Amino acid sequence: MFDAKLRPLIDPPLNRIGMALSKVGVTANLLTFAGLALGLGGAFAIAFGQLAAGLVLVLLNRLLDGLDGAVARANGPTLLGGYFDIVADFAFYVSIPVAFGFLDPANTQAALVLVASFVLTGVSFLAFAVIAAERGEKTAAHGKKTFFYSTGLAEGGETIAVFIAFALFPASFVPIAYGYAALCVLTVFQRSALAIMQFTD
203 MFDAKLRPLI
213 DPPLNRIGMA
223 LSKVGVTANL
233 LTFAGLALGL
243 GGAFAIAFGQ
253 LAAGLVLVLL
263 NRLLDGLDGA
273 VARANGPTLL
283 GGYFDIVADF
293 AFYVSIPVAF
303 GFLDPANTQA
313 ALVLVASFVL
323 TGVSFLAFAV
333 IAAERGEKTA
343 AHGKKTFFYS
353 TGLAEGGETI
363 AVFIAFALFP
373 ASFVPIAYGY
383 AALCVLTVFQ
393 RSALAIMQFT
403 D
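Take the sequence shown: its letter number 29 is residue 231 in my numbering, and every next letter is one higher.
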């Protein structure tokens, strides 16, 4: 919901750093995998009760996720890079609720519901992208991407805000998780309504 509005603010500094990194030989894929390693490390830290360390690693993951795109824009994006980026993103997103489920068994049911909602949101996002590509449609709302990024109520920015809330208020994991899962499901309905309007010939 807020990602497209944040892009004009965050892209210029990221692009400057990305250009500098590309000049010294850093690749976008290297940053993607390094970011994934940090994100999964954050999930492990959370699972073992190290919430502050986990939060730092989560934020570092997001920084590298922004920088891999900036380096890709500097070098020229590739389809393989786009594939790795989206797979790494969803692997990271799923790992954090799972980590909180390991942290406290009382969180398990809410964590499962949230992961299921992430799967539904991801499927709707990717299905929309595939059909949009078949129709030759493009959008720059989320910056230059290797495939079509459809806007939704629950996007990356909202997800990270929720993960930060989990780390800062772990006792409130269950209600926050259920609330965000509901927003993810609403996003699926919203994206489906958009598909009906956009893909009905």
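Glycine included, each C-beta is placed from N, C-alpha and C at the ideal position.
This structure is a prediction, so every number in the text was calculated from the model and none was measured.
Boundaries of the alpha helix (DSSP H) harbouring glutamate 336: 310-336, taken from the DSSP string. Contact between phenylalanine 320 and tyrosine 295 holds: CB atoms are separated by about 6 Å, below the 8 Å threshold.
Under the rule that a run must span 4 or more residues, the alpha helix (DSSP H) segments found entirely inside the stretch 249-277 read 253-277. At the C-beta level, phenylalanine 302 and phenylalanine 375 come within 8 Å of one another. If you check the CB distance, leucine 240 and leucine 262 come in under 8 Å.
Nearest in C-alpha terms to isoleucine 288, of all of Leu314, Ile298, Phe235, is Phe235. With distances taken between CA atoms, alanine 312 lies nearest to Phe368 out of Val226, Phe391, Phe368.
Around the beta carbon of leucine 316, 16 or more other beta carbons sit within 10 angstroms, so the residue counts as buried.
Listed in chain order, the non-local C-beta contacts of leucine 388 below 7 Å within the same chain comprise Leu355, local neighbours out to five positions each way being set aside. The criterion of a C-beta distance shorter than 8 Å is not satisfied by leucine 385 and serine 352.
Note that the stretch 272-282 does not touch the stretch 245-256; fewer than 3 beta-carbon pairs, one per stretch, sit closer than 8 Å. Taking the C-beta atoms as reference points, alanine 293 is found no nearer than 8 Å to leucine 216. Apart from the 5 residues on each side of it in sequence, alanine 222 has no Cβ closer than 7 Å to any other Cβ in its chain.
By the criterion of a C-beta distance shorter than 6 Å, threonine 310 is surrounded in its chain by Gly303, once the five residues flanking it on both sides are discounted.
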